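Trainee: Below are the structure tokens for one structure; questions will follow.
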Amino acid sequence: MSTNRRVAVTSPQTRLAHARRRHRARWRPATLDPAEAQRAVRLYRAQRRRSTLAVALLFALIFGLPVLLAAFPALDGLRLLGVPASWIAVAVVPFPAMVSLAWWQLRRAERAEDDG
Numbered sequence: 080m081s082t083n084r085r086v087a088v089t090s091p092q093t094r095l096a097h098a099r100r101r102h103r104a105r106w107r108p109a110t111l112d113p114a115e116a117q118r119a120v121r122l123y124r125a126q127r128r129r130s131t132l133a134v135a136l137l138f139a140l141i142f143g144l145p146v147l148l149a150a151f152p153a154l155d156g157l158r159l160l161g162v163p164a165s166w167i168a169v170a171v172v173p174f175p176a177m178v179s180l181a182w183w184q185l186r187r188a189e190r191a192e193d194d195g
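According to the working numbering, the stretch in the sequence shown is residues 80 to 195, in order.
And the structure:
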């Protein structure tokens, strides 16, 4: 019979977070002075407007690709390196497009913070 004890290994940050949670009072959101609050509201609205376009483009990509493939069934016959073009369109195109869209949206959000 083994006498080894089992030990839970956790990150130091995890232990600190658990310790803080036990010993702190109830959490309250920080209050902003009126000028900062107005700036925060303006920034929130600007980023929300900018994100609407990004979300619309994402939906167009996700839902438009199947519609496009249904509209052009000839893409099933077109082959690139022995693989149907429709498969490549579904398996390869969306992921770089979503990464590019996310990068673009991040830059726009950062620009809104810099401007505001």
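Idealized CB from N, CA, C, for every residue including glycine.
For clarity, every value in this text was computed on a predicted model and none was experimentally measured.
Suppose contacts are defined by Cβ-Cβ distances below 7 Å. Is R129 in contact with R187 by that definition?
Mentor: Yes, Cβ-Cβ distance for R129 and R187 is below 7 Å.
Trainee: Where does V162 fall in DSSP's three states?
Mentor: The answer is strand: DSSP assigns V162 an E or B state.
Trainee: Between the C-alpha atoms of G143 and A114, what's the straight-line distance to the nearest angstrom?
Mentor: Each residue's Cα considered, the two are about 43 Å apart.
Trainee: What residue from D112, P173, I167 has the CA that sits closest to F138's CA?
Mentor: Here the closest residue by C-alpha is P173.
Trainee: Can you grab the Cα-Cα spacing for the pair D193 / R118, in whole Å?
Mentor: One C-alpha to the other measures close to 12 Å.
Trainee: How is R112 classed by DSSP in three states: helix, strand or coil?
Mentor: Arg is not the amino acid found at residue 112; the sequence shown has Asp there. Coil.
Trainee: Measuring alpha carbon to alpha carbon, tell me which of V120, F151, L180, L111 ends up nearest A168.
Mentor: Cα-wise, what sits closest to A168 is F151.
Trainee: Taking only the alpha-carbon atoms, compute the straight-line gap between L159 and V171 and give it to the nearest angstrom.
Mentor: Approximately 12 Å between the Cα atoms of the pair.
Trainee: Compare the C-alpha of L136 against each of R190, E189, A176 and name the closest.
Mentor: Ranking the options by Cα distance to L136, first place goes to A176.
Trainee: Could you compute how far the alpha carbon of L140 sits from the alpha carbon of V162?
Mentor: Taking the straight line from one Cα to the other gives about 21 Å.
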